[in-house]
Structure formats: structure tokens, C-alpha cells
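For the sequence shown, position 225 matches number 285 in the numbering used here, and the numbering has no gaps at all. By construction, the Cβ of each residue, glycine as well, lies at the ideal position given by its N, Cα and C atoms. Computed from a predicted structure; not experimentally measured. Report on the structure given below.
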Amino acid sequence: MPDNSALLALAKTYLETQLRLYGSVELSRLLPRADKQTAACLVDEFRNAFLDLDWRPSSPLETSLTLTPVAAVYLRYSCDKSNPRSLDQQLRNCLEKAAQLGHWVPWDLVFADAAVSGTSAARRGYQMAKAAIEVESGRIGLVLIDEIGRAARDAIETLKLGRLMDNCGSRLVGCTDGFDSSHAHSKMMLSMFAMVHEHFVDQLRGKVRRGTDDAFRMGNNIRPPSFGYKLVPCLDAEGCPIVDTKGRVDVQKVVDDEHVEWVIKAFEMYVDGRKSPSKIAAFFNDHEVGGRKTWDGPNVTQLLTRRTYIGEEVEGMTRNCFDSESGKRTTIKVPESEWKRRDVPHLRIISDEMFEAAQARRRQCRDAHDTKLKNAPARTSVYSNLLIRPVCSCGTRLLIGRTGEHKSLFCPSAKDHKHKCQMGGYKSVRIIESCILDHVRSSLTPACEQEVLERANKFLADEIKKPVKDTKPLERTIKELKKKVALYLDKFEENPSEAAISRVNAYERTLKEREAELRDIQSRQLSTPVLLDAEAVSKALDQIRQLLNSDKEIAAPIIEKMVGQVVVSQTINAAKKRVWTAKFAINLIPVIAELTARSQCLNAPTWEYLHLSDWTLLTEAIVPLETVPPYVQIAPELLRLHRSGASIESLAATFKKTASVIRTILKFAQTGEKPQWEPKGKKRDRKKKGREKESDKVECKYLQFGELIAERRELGETFREIRNFIANEYGVKMSHPTAVRAYDHARPAAAIAAAASGRMPSRNSKNVLRPEQYDEIRRLLCLQPRVKYADIAAQVGCSAAAVSSEKRRMTAETNDEAKRADK
């Protein structure tokens, strides 16, 4: 659609020309005044009709007031570099021609397209003009264009327009080329005009293509710089910009240092991080890479296939197939042999290895989505949305479903009891993954390291003692098989038969097996195994631990090799509750071989030798898929530390929980009584609501004043002095436990160390007991078991609480020794 200024100029031209042509005749009363307000109204009318997709032509009021026949006008210019005044000039010519032929052109029958090629029939203004001719068949007696090329530059579309005019009984007139469909030879003239205009476009395309190819061969820039590059002026020896014959500054493409790291980041995320293009696009949008937030998957895919990043520019990789009727362009890939290439080593950003790895991953992703391809890789292997993809005990792979906000897995065969599957319900993906991974983590113990070290070295020692296998007999067998295959092929050419074909196929299968056996023996003999040490095994298991905590896209393929096929089964317990279990076998050797090869570890050849020798260390595992509440997990450790003498405050700082929560968990550990946690979102009654608000305020004090309390404590002030200072300066009252909690939150190291050792935390206190004082307390407690704690505290010079804590610690140690003796 023409812009606002072009429409306003078009409306003014229409009013002025019509008043000039019809000012003294009866039609003058149909024309409004030629002022700005009237022109603005005409612009709004044109715009509304052009943008209304449900627009239908209607009979104008002028036809009921005059017997003058009505004409329609179509205007167009090709591209945005054309003169916008071209529409005004075309309209003036058409209006004058209409007046000369005795026709009236109403404003609602003026149609126009701006900056649209005539090779396409999918033009809004052109389609509106054709619709008006069809609907008003016989009433629009004349259609005016400046010349045939304005209507269409496609031969077929031009002839279709001529047939439409004949069927509707309308007359097509070109104002400047002299075409008139009412003439006897108009069909022949229209065919000639159609061929001339299409040939003109074809010639123009050929010249543009020729100039583009020549500019590419000369090393000139023919396209805007892609992401990662920029254009800079070319400078002469004196440092001045070089100007061409047209007065334009010559520019050259260079690497944009600001964007280089993001190009490398995209390739690393795709190859090493195994991220999808959509996730890379989301990452780029979050960081506003290149100053934009419009990255999407296709943009990233184009970036990953751009060969300029490896120092090679390619032109003509695709060509466009244009449909003149719909206006759609179809991209067709050109054979690689027809590409035009040029080396640009100064534009290299990515290594050849990284680029080829990205293309290999793209081919793998394409194969995974090809439904017609046999033995295609699974989609989850290229874009992992699950760490573990288990199968049901019936053999059916579990599918992703939802039973709420979170992803869950279910068996699709259970609904119809296929394969006698009785599995019911859903199981959360989070629960399945966490239970299996926790079991794998717990299995990577020092005992596991020792077992791997001993068994692997025993196998390697046996392999080293084995004599080198003689391959000469196998090589002679292969040579004889090749001769037999060649002999039977010659016989088959002379006398083809099915027996000869089967015999050749049998020999070829045997030959492939023997060649594979020979390659296997030679590969083993090339690499002499070396015994492993404890450090090598420890580093390998550390790599596995790091992998289990890495991103899902990286960890999923490796975990699949480690645990193999995970079989999930379901049973009904005595309480008639479904119990889910997972069965799998942990095999560390393939994973260690791959991880050490990636990190180029010195022991990588040994691990690879173990893997190629099919030596495995399988550990069967049956894991219940049930969640264990966090308080149940930490309860035994809390109880042990507390019995060892750790205070409630120290434990709260260590486990980052409140003192009340620690007391509740300790009560559960001692009595087995489950805590009555208040459900999330439950409304409290009004009586509790006020107290809860007050407690919330207290809970927030340790966050608000933690750093202040720690700083003043380090200056030597007591907690009482600090509390008084806060009350006077900030008007906030604070209890001693809250002040202690605030200090532990700001400086947690002392509390954590105290919880581990069972001692009282120092909290920067100058009254911390010396080791000899602790020894004296223990001696007095042994000599006088029934004496009061205050008396011992007076003798040692400490508090009664310190004596009580040491007594509790001694009791815990005695109990532990008794348990060990019983075992």
C-alpha cells in the first residue's frame, strides 16, 4: 500500500484533475471541494478498503445520478527505489484518457500498489481491481492502465487478464502504449506485449545475476555482513577512505570482535552442550546478543551452517522458484558441485573440527526426525528432555504425560492391558530421576574405587601375560577367500545361476567376519595395556560424579550408557498401595572410557582397552521409586551430632533451618513421631494469624541485622551490648537466640565446625575453653559422676552449660563404643 504522503498526493491529484476536466459539466456536482480535509477523507477511504480483508466492491452513488459510463483505474510502481510520484503521473494520464473516452472514474474504483513487482499476481490492489471488474460485470465498461506492464509482467497473467476483460464485457486501454482491447488485433497485440514485458524481466534478472557473480569473483561484498562480522572503510596508504567512481566509500568485511565470543558460544552449546537451536536462541535473547531479542531456532540453525566462519564464502547454494499466481517463493537446494566458492581465511572464527561436529549433529537430528528412515536414532538421543527413559516390565517404553504441573511417565499399554500389563497411574519424572541418580551416586564409594582398581588390574595383568597372537594364518585365510570370491564372480559372468550367487554371498559374509576379526586383533596388539593406580580410578569416578550434576543434554546420553535399560515394574503392597521399583545394571567402564577420552587423560588408552575387550563391572540394582522427605534424610545425622554435643543453634546454622524445625526433626528421630507440618497455602485462623505475623517479624530480624551483629561481635562486643545498641538505634527488640542466629547466618563457618566436632561454637568469643579445660571437665566427671555441674564449672572456670555439653558428648561416645562392641 502506498504510504500516507503518497496517498495524500494521489487524492489531491485526483480532485484537481477531475475538477479541471469536469468543472463546467453536470458531473461537477459529484465532486467535493479540492481542499486538505476532503483529500484526507479520500485517503482514509482508500486505506480502509485496502486493509479490509473482507472488502467487497459496491456500486457507487454516482451511477444513480448520471448516465455517464463508469471506468476503473489501476496504478503501480515496482520497487521502493522508484519515484513515488509515478502514481500521480499515471493517475493523471488515466483520468485524462477516461474523460477523452467519455467515462467517469469514481474514487472507490481507483486501485494502486506501491513497491510491488508486476511478476506476481498476488497484489492487493490488483486483486481488488479484478474483483471489482468481476462483481460489476458489464457496469465497468472501461479499465485504464498506464501501460500493459503496470498490470502484469508475467505473460500468462497478462493473457488471463485479457480473457477476464472479454468475459466481463469490459474494455482495457493502455494510456501510453496505445493498447486497446476493442481493436480487431488486440489479442495478438496483448500476446506480444505480454512476451515483451516478461522477456524484459528475464533479461533484467540475468544482468543482475551476471553482475552479482562477477562481484563475488572479484571479492566484493554483495550482501550485508552476517552476525560476527562488520563493514569498515577501506583506507589508502595515507589512512584516508577510498572513494569509488560513484562517490561511495569502499568497504571491506572484517571480524567483529564484539560478537566473536557469541558465535563460538553458539557452536559450543550446540556441539558440547547438546542444546537445541531453540534453547540457544532463548539464551541469546536473555543476554540480548547483538542488541536484539528476536533470535529464534531458524536464525541459530542458519548461524550453525554458515561456512564463512571457517574462512570460506559460498554463493548460489539455493535458488528461488517463484509462483506468479500466489506470490510464494520456494527455496530449492542447488547441488554442491554448482556452488561458487572463495577462500576468506581472514574471516575464520570456528575451527574445521568444531564446524564438522556441528554438521554431523545436524545430520543426526535430521535423521532422528525422518520417519521413513530405518534404524534412525531416537529423538531423545539428540535433544534429551529426560535424563532417563525407562521401559515398563511389559516391554513398552514409558511415555511422558501430565498429572498436574509436573511431567510424569506412564505405560500406554496399561490402558488396554496389552502384553498383560497391569501398571496403573503415573510416576513423576523428578522422582524417577532423583531416585536412580541418588542410588548411582551412593554406589560411587571408596569401596567401589577399590573394587574397580583390583579387578581391572587383575584383568590387565592376565592380558599382559598372554602371548602375542599370530595373525598370519588368519591373513592367509582372508587371501584365499578373496581368490574364491573373484573366481566365482568370473564364473557367474560366464554362466549366471542362483547357486553361484548364494556361494558368492556366503564367501563374502565369511570374508567380512575374518577381516573384522583381524582388525580387532591388530588394534589390541597396537595398544599395550598399562596397570591402573588408585589416583587414576579416583579421578575417573570424580568425572562421573561431575557428570551426574551437569546439564540434562550433556548427561543424558552418558547416563544411558551407564545404567543401560531401566525396567520399571509395579506391585501392590499390603496397604493396597502401588509400589514402583526400577531395575537396572550399572556399568562404569564404557562411561569412564568416553569421559577420559574427552579429557585426554593419560590413562585413556587403558580404559579404552578395557572397553574394547568387553570387560565389564556390572552391578545389579533394584531401587524403589519413592520420595524420602528431607527431614527423614537428615534426621539420623542430626541426632548423631546432637548426641555428640552439638547445640541446637549450631545445627540450625549447619542445615540452614530454624531452631524450631531442628527440635521437631530431633523429636522425630528420637520417637519416630511424624511432624505435623502445616500444608502450603492453608489459611490460618485469626488467633494464630496475629502471632504468626509477629513470629515472621522475628524471623526476618536475623536477615536484617546479621551483618551488623557479626561486625560488632568481631569488635569485641557481647551479644547483650549489641542487642541494646540495636534497640536504642533502630528501636527493634531482639532476644538472645535471635542475635545468635543472626551471627550464625552471617558467619556460618564457626557453627558448622562446632556441629561437626560437637563443641560449642566460639562466635568470636574470648571465653572459649582451652583443650586442657575440656580434659579437666572429663576427668572430674569420671571421678565425681553425681556432682553438680555448677561445682565442676566453678573448679574449671567455665559455665555449667559447657559441663553439660561435655557430659552429653561422653555419653554419646560410650553408646557408640557399646554398639561397635555388640557388632
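Task: Three-state secondary structure (DSSP) of Leu655 - done: helix
Open item on the list: With a threshold of 8 Å on Cβ separation, who are the neighbours of Glu535 within its own chain once the five nearest residues in sequence on each side are excluded?
Closed with: Leu578
Task: Ala189 versus Asp63: straight-line alpha-carbon distance, rounded - done: 19 Å
Open item on the list: Give me, in chain order, the residues of the same chain whose beta-carbon lies closer than 8 Å to that of Val195; leave out the 5 immediate sequence neighbours on both sides.
Closed with: Arg116, Pro117
Open item on the list: Classify Met252: buried if its beta carbon has 16 or more other beta carbons within 10 angstroms, exposed otherwise.
Closed with: exposed
TODO: Would you give the residue range spanned by the alpha helix (DSSP H) that Thr505 belongs to?
DONE: That residue, Thr505, is in no alpha helix (DSSP H); it is neither H nor E in DSSP.
TODO: Over the uninterrupted alpha helix (DSSP H) stretch that includes Pro589, give me the two end residues.
DONE: From DSSP, Pro589 is part of no alpha helix (DSSP H); its letter is neither H nor E.
Open item on the list: Can you tell me where the beta strand (DSSP E) holding Tyr289 begins and where it ends?
Closed with: Annotation: the continuous beta strand (DSSP E) that includes Tyr289 extends over 289 to 293.
Task: C-beta atoms of Thr679 and Ser494 nearer than 8 Å - done: Not in contact: Thr679 and Ser494 (Cβ atoms no closer than 8 Å).
Task: When Ala254, Thr676, Pro129 are compared against Gly178, the one with the closest alpha-carbon - done: Ala254
TODO: Would you tell me roughly how many angstroms separate the C-alpha atoms of Leu601 and Leu648, rounded to the nearest one?
DONE: Approximately 9 Å, taken between the alpha carbons.
Task: Cβ neighbour criterion (16 or more within 10 Å) applied to Asp745 - done: With a pLDDT of 47 at Asp745, under the threshold of 50, the modelled position of this residue cannot be trusted; read the value that follows with caution. Label assigned to Asp745: exposed.
Task: Within 8 Å, strictly: CB atoms of Ile694 and Phe728 - done: No, they are not a contact pair.
- [ ] With a 10 Å radius around its C-beta and 16 neighbouring C-beta atoms as the bar for buried, classify Phe779 as buried or exposed.
- [x] buried
Task: CB contact flag (Leu571, Val590, <8 Å) - done: no
Task: Span separating the alpha-carbon of Pro301 from that of Ala132 - done: 53 Å
Open item on the list: Taking 7 Å as the limit between beta carbons, can you name the residues of its chain near Thr656, skipping five residues before and five after?
Closed with: In the same chain as Thr656, and ignoring 5 residues on each side of it, the C-beta atoms closer than 7 Å to its own belong to Ala600, Asn663, Ala664, Trp667, in chain order.
- [ ] Can you tell me which of the three DSSP states Trp164 falls into?
- [x] strand
- [ ] Look up Ser411 in the DSSP assignment and say whether it is helix, strand or coil.
- [x] coil
Task: Val314 versus Cys294: straight-line alpha-carbon distance, rounded - done: 11 Å
Task: Per DSSP, the bridge partner or partners of Glu645 - done: Checking the sequence shown, residue 645 turns out to be Ala, not Glu. Ala645 pairs with Glu680.
Task: Bridge partner(s) assigned by DSSP for Asn380 - done: Thr391
TODO: Excluding the 5 residues preceding and the 5 following Phe344 in the sequence, name in chain order all residues of the same chain whose CB lies nearer than 6 Å to its CB.
DONE: Trp355
Task: Rounded Cβ spacing between Asp206 and Gly238 (contact assumed at less than 8 Å) - done: 12 Å between Cβ atoms; not a contact.
Open item on the list: Taking the straight line between their C-alpha atoms, what separation do you get for Lys388 and Tyr186?
Closed with: 16 Å
- [ ] Could you have a look at Gly271 and say whether DSSP puts it in helix, strand or coil?
- [x] helix
- [ ] Please report the residue range of the alpha helix (DSSP H) in which Glu105 lies.
- [x] Counted as a single uninterrupted DSSP element, the alpha helix (DSSP H) harbouring Glu105 occupies residues 96 to 111.
Open item on the list: Tell me the rounded alpha-carbon separation between Leu155 and Arg308.
Closed with: 41 Å
Task: Member of Gly162, Leu81, Leu219, Ala100 whose CA lies at the smallest distance from the CA of Arg152 - done: Leu81
Task: Other residues of its chain near Thr365: CB distance less than 6 Å, five sequence neighbours each side excluded - done: none
Open item on the list: Taking only three categories from DSSP, how would you classify Ile619?
Closed with: helix
- [ ] For Thr73, count neighbouring Cβ atoms within 10 angstroms of its own Cβ and tell me buried if that reaches 16, exposed if not.
- [x] buried
Task: C-beta atoms of Tyr884 and Ser468 nearer than 8 Å - done: Residue 884 lies beyond the range of the chain shown here (61 to 883); nothing can be said about it.
Open item on the list: On the criterion of 16 or more Cβ atoms from any shown chain inside 10 Å, does Met794 qualify as buried, or is it exposed?
Closed with: buried
Open item on the list: Buried or exposed, going by whether 16 or more other CB atoms sit within 10 Å of the CB of Thr218?
Closed with: buried
TODO: Can you say whether Met329 is buried or exposed, counting buried as having 16 or more other CB atoms within 10 angstroms of its CB?
DONE: Buried, since its Cβ has 16 or more Cβ neighbours within 10 Å.
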